[in-house]
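In what follows, a structure is listed as structure tokens, so that the remarks can point back to it.
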Amino acid sequence: MFDVIMVPVDGSDYGYEAADIAIEIAQKFSSKIAAVHVLEEFSLNSFDSQEDSGDEILAKITEKAGKFGIEVTEHLLTADPLRDMKFIVEQTRADLVVIHAHGSNNNRFVSFEDNNVSDTQIGSVSERLLRTCEVPVLLVK
């Protein structure tokens, strides 16, 4: 049913929670996982430090999935996650995307409640993906 499950991870607890669910689904459907970490195009951090951090994030997903015999393809990309996520889904040939409602950047929410993360908020990348993606998207809360 799902040959490839894409899970975008940003290093936050939210991203790892989505990865755990993607791993669980992959076990049930004998799926592969496409773990994606996006280095933002215009960042104040050095590219080398972002790349090292991205490699570590992806390695955690690969290691955890490997314990269950799940194959993971790591994708470390430089892009604008808001603009490019639909394209990234297409390039990974994913049949399902598992993404958390919130990401590590709490300043990019579609709705706000006193600037705190709440159940009524959804991150801008997740929201855009829900509206534009042509494959099923599982939104983790």
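Count along the sequence shown from 1, then add 267; that gives the number in the numbering used here. Here a beta-carbon is modelled for each residue, glycine too, at the ideal position from N, C-alpha and C.
For V303, no alpha helix (DSSP H) run applies; the uninterrupted beta strand (DSSP E) run containing it begins and ends at 299-307, by DSSP.
The alpha-carbon separation between V305 and T345 amounts to approximately 6 Å.
For K299, the CB contacts under 6 Å within the same chain, skipping 5 residues up- and downstream, are V271, E338 in chain order. Around the Cβ of P348, a 10 Å sphere holds 16 or more other Cβ atoms; the residue is buried.
Under DSSP, the beta-bridge partners assigned to A346 are E307.
Here E341 is bridged, per DSSP, to A302. In terms of Cβ geometry, A302 and I328 form a close pair [threshold 9 Å].
By the Cβ-count criterion, T399 is exposed, with fewer than 16 other Cβ atoms from all chains shown falling within 10 Å of its own Cβ.
Following the DSSP letters along the chain, one finds V274 inside the beta strand (DSSP E) bounded by residues 271-275. At the C-beta level, L405 and K353 stay beyond 9 Å of one another. Residue range 391-399 is occupied by the alpha helix (DSSP H) that includes V392.
Leaving aside the five residues that flank R360 on each side, the residues in its chain whose CB is nearer than 6 Å to its CB run, in chain order, V271. When the alpha-carbon of I288 is set against those of A326, E323, D322, A332, the nearest one is in A332.
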